[in-house]
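Trainee: To start, I am sharing the structure in question, which I have written as structure tokens.
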Amino acid sequence: MQIGTPPQDFVVILDTGSDFTWLRAPISQENSSTHSYDPKKSLTSELVVEEEIFSRAYLGGTKVEGPVLADTVTIGGLVADNQWFASVETAGKKAITKEGLLGLAFRNPDHQSKNDKSNFINNLLSQKKITHGIFTMYINSQSGSELYIGGINQDKYKGQITYLPQIDHMWSVAGSTSVDGEVKYAGPMIIDSGSSLILGPKESVWEWWGAIMGAKPCDIIDCIGTGYFSFPCNTPTSFHFTFNGQEFPITQKDLIWAKHPGQPHRCIGTVRVNDRIHNKWVLGIAFMKTVYTIFDMDNHQIGFAKTA
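Just so you know, the sequence shown maps onto residues 1 to 308 in UniProt numbering.
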């Protein structure tokens, strides 16, 4: 992503679970290997005086704060003028280790204030840089990932697309997840590219892992955190997510987050308890890398297809 005139380059997190974009400010340069946004170096940078200080807390515990600015933002040759974003100066007790985040959470263009320029896709639409409010994600650590804006890349998927209506004014749909064909959770699922894992409340995640022979809660020291489970790496169990009757399998490899540090035949799973979540699951990269995902703002729906 490039910002400013002349452009400043950034590597940012693409986050469909966040509604605002932010970048590191020069004051937060704890890590010289990452870039920070310097408004003094851009001829098109402006302070958005009508906005208060931006502040967000994320599921992982990170909090970011800073003033709201406007500047030219370019991604893949698409240019949004007067794009709003926060220049993050503080992050609570944690250092800011990322260069920035592009917020891609759903914002209904019909309900968005005319003065609100915080959604990159909406800005491209209003400035007639794209004709359709659609973006897609293809995530593959081997062959390379892709954010495709304004349409669907037919080279990245095969078969039919399964569409589901959006719920709760978020990138959230109704679905279910099963272990060996038995449904262990059914309900709202947020499709969140800003999360690495698959997250859910304690009761349903414990029930899900309880169906896998040999699975057990992982010690906080071994897993460097709470809410994880370990399981036999060679488990023969099958796993599926189902949307509108269409099953999308999760392979054993997709279920492995890391090897257990003290037990070579056990692995740490990608499905984790998060106590901040209630009555829903969050499907992050661990799920999204198994499908081609279509985020359709025009029709308020999400589509899934098998990757090519």
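For each residue, glycine too, the CB sits at the ideal point set by N, CA and C.
Taking buried to mean at least 16 other C-beta atoms within 10 Å of its own C-beta, is S143 buried or exposed?
Mentor: Counting from one through the sequence shown, the residue named residue 143 turns up at place 143. It is exposed - the Cβ of S143 has fewer than 16 other Cβ atoms within 10 Å.
Trainee: Give me whichever residues DSSP pairs with Q263 in a beta bridge.
Mentor: Counting from 1 along the sequence shown, the entry for residue 263 is found at position 263. Note: Q263 sits in no beta bridge, so no partner.
Trainee: Candidates G187, F241 and D296: which alpha carbon is nearest N279's?
Mentor: Along the sequence shown, one-based indexing puts residue 279 at 279. Selected option, being the one with the closest Cα: G187.
Trainee: Tell me whether F120 sits in a helix, a strand or coil according to DSSP, three-state version.
Mentor: Residue 120 sits at position 120 when you count from the first residue of the sequence shown. Note: F120 maps to helix in three-state DSSP.
Trainee: Have a look at I302, V291 and H300 and flag the residue whose alpha-carbon is nearest the alpha-carbon of S145.
Mentor: Position 145 of the sequence shown, counting from 1, holds the residue named residue 145. That would be V291, whose Cα lies nearest to the Cα of S145.
Trainee: How would you call G225, buried or exposed, if buried means at least 16 neighbouring beta carbons within 10 angstroms?
Mentor: Locating residue 225 in the sequence shown gives position 225, where the first residue counts as 1. Classification of G225: exposed, given that the 10 Å Cβ count is below 16.
Trainee: Please report the residue range of the alpha helix (DSSP H) in which V205 lies.
Mentor: The residue given as residue 205 occupies position 205 in the sequence shown. K202 to G210 is the extent of the alpha helix (DSSP H) around V205.
Trainee: State the start and end residues of the unbroken alpha helix (DSSP H) segment that holds A286.
Mentor: For the purposes of this step, residue 286 is identified with residue 286 of the sequence shown, where counting begins at 1. Run containing A286: I285 to M288, per the alpha helix (DSSP H) assignment.
Trainee: Identify whether L14 lies in helix, strand or coil by the three-state DSSP scheme.
Mentor: Start at 1 with the first residue of the sequence shown, and residue 14 comes out as number 14. L14 falls in the strand class under three-state DSSP.
Trainee: Return the Cβ separation of L283 and I191 in integer angstroms, given the expectation that the two are a contact with Cβ distance under 8 Å.
Mentor: For the purposes of this step, residue 283 is taken as residue 283 along the sequence shown, with counting starting at 1. For the purposes of this step, residue 191 is taken as residue 191 along the sequence shown, with counting starting at 1. L283 to I191, Cβ: 5 Å. Contact.
Trainee: Identify whether K253 lies in helix, strand or coil by the three-state DSSP scheme.
Mentor: Locating residue 253 in the sequence shown gives position 253, counting from the first residue. Three-state result, K253: helix.
Trainee: By Cβ distance below 6 Å, which residues in the same chain neighbour K129 in space, the five residues on each side in sequence not counted?
Mentor: Along the sequence shown, read from residue 1 onward, the residue named residue 129 stands at position 129. Around K129: L78.
Trainee: Would a C-beta distance cut-off of 8 Å place I256 and C223 closer than the cut-off?
Mentor: In the sequence shown, the residue the question calls residue 256 occupies position 256. In the sequence shown, the residue the question calls residue 223 occupies position 223. Going by C-beta atoms, I256 is not nearer than 8 Å to C223.
Trainee: Assuming D149 and G303 form a contact by the criterion Cβ under 8 Å, report the distance between their Cβ atoms to the nearest whole angstrom.
Mentor: For the purposes of this step, residue 149 is taken as residue 149 along the sequence shown, with counting starting at 1. For the purposes of this step, residue 303 is taken as residue 303 along the sequence shown, with counting starting at 1. The sequence shown places Ile at residue 149, rather than the Asp named in the question. So it is not a contact: roughly 15 Å between Cβ atoms.
Trainee: Going by Cα to Cα distance, which pick from D219, G227, N82 and M288 is closest to T251?
Mentor: Taking the sequence shown and counting its residues from 1, the one referred to as residue 251 is at position 251. It is M288 whose Cα lies nearest to the Cα of T251.
Trainee: Give the secondary structure of Q29 by DSSP, where H, G and I count as helix, E and B as strand, and everything else as coil.
Mentor: For the purposes of this step, residue 29 is taken as the residue at position 29 of the sequence shown. Reliability of the predicted coordinates at Q29 is poor, the pLDDT of 47 falling under 50, and no value is obtained from them.
Trainee: On the DSSP letters alone, give me the boundaries of the alpha helix (DSSP H) that I221 sits inside.
Mentor: Looking up residue 221 in the sequence shown gives position 221. First-last of the alpha helix (DSSP H) with I221: I220 to C223.
Trainee: Taking the alpha-carbon positions, what's the I139 to I285 distance?
Mentor: Working through the sequence shown from its first residue, we reach residue 139 at position 139. Working through the sequence shown from its first residue, we reach residue 285 at position 285. Distance between the alpha carbons of I139 and I285 is about 8 Å.
Trainee: Along the beta strand (DSSP E) that carries I190, what are the first and last residues, could you check?
Mentor: Counting from one through the sequence shown, the residue named residue 190 turns up at place 190. It spans E182 to I191 - the beta strand (DSSP E) in which I190 sits, taken as one unbroken run.
Trainee: Taking the beta carbon of I134 as the centre, do at least 16 other beta carbons fall within 10 Å, making it buried, or is it exposed?
Mentor: Your numbering for residue 134 matches position 134 in the sequence shown. Buried, by the Cβ-count rule.
Trainee: Who are the near neighbours of S176 in its chain, counting only those whose CB is closer than 6 Å to its CB and skipping five residues on each side?
Mentor: Locating residue 176 in the sequence shown gives position 176, counting from the first residue. V183, A186 and T242.
Trainee: Which ranges would you report for the beta strand (DSSP E) in the segment 38-112 if only whole runs of at least 3 residues count?
Mentor: Counting whole runs of 3 or more residues, the segment 38-112 contains the beta strand (DSSP E) stretches 54-57, 63-66, 68-75, 78-88 and 100-103.
Trainee: By how many angstroms is the C-alpha of E99 removed from the C-alpha of N31?
Mentor: One-based indexing of the sequence shown puts residue 31 at position 31. One-based indexing of the sequence shown puts residue 99 at position 99. In this predicted model, N31 has a pLDDT of only 49, less than 50, meaning its place in the structure is not dependable; the value taken from the coordinates is given anyway. If you take the alpha carbons of N31 and E99, they lie about 10 Å apart.
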